[in-house]
Amino acid sequence: YLTVNELPYIASMNLNVKNTYSYISHFISMLLLTCLLMVMGCNNNANPAEARNDGSNYAKSRGLERNPTSIKYSKHARCRMECRHITAAEVALILKTGTVNYRKSDLQAAPCKKRYAVEGQSNDGQHIRIIVAQCNGEATIITVIDTKEEWQCSCS
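Just so you know, our numbering puts 119 at position 119 of the sequence shown, and the rest follows in order with no gaps.
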């Protein structure tokens, strides 16, 4: 049994336990928040060179050769470029400095069958996406798309 003199000691023990649990819960919360921020930070910019978007010192984006030995254009791509007033120089610039849209790309195919969707802005402000296939250092532009404006082209 407790005496009257022991009550203040027991009350202070109870407060210390409550404070300890409070500190532990705050510590765990802060630890979880720190982990969450670290994971978000790592996933936010998994490829810093890609985020630079300047093409310097960065030749490849998950296999995409930014400076191919040659660039060829499919008949369809040439037609789309003519219809949309997009030059070969603008396509080459987007290939070199554009951002790869991995959601629009097909990278599960065999090496020479992969399709990269590379997006960027032309000199005159057009938002362009090019679909490019590469094999043995050579790039083939499959199609050229203006993502902001619908053009009436009769390309097949």
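Heads up, the beta-carbon is just placed ideally off N, CA and C, and yes, glycines get one too.
In this structure, Gly120 sits near Thr97, with a CB-CB distance shorter than 8 Å. Boundaries of the alpha helix (DSSP H) around His76: Lys75 to Arg84. When C-beta atoms of the stretch 101-111 are compared with those of the stretch 73-88, fewer than three pairs fall below 8 Å, so the two segments do not count as touching. Its Cα nearest to that of Tyr102, the residue Arg129 stands out among Ile142, Ile28, Arg129 and Ile86. Annotation: Leu95 to His26 spans about 49 Å, alpha carbon to alpha carbon. Annotation for Ala133: the continuous beta strand (DSSP E) segment containing it runs His127 to Cys135.
In this structure Ser154 is exposed. Its beta-carbon is surrounded by fewer than 16 other beta-carbon atoms within 10 angstroms. In the displayed model, Lys72 falls within a strand according to three-state DSSP. The beta carbon of Ala139 sits closer than 6 Å to those of Pro68, Ile71 and Val132, all from its chain and outside the five residues before and after it, given in chain order.
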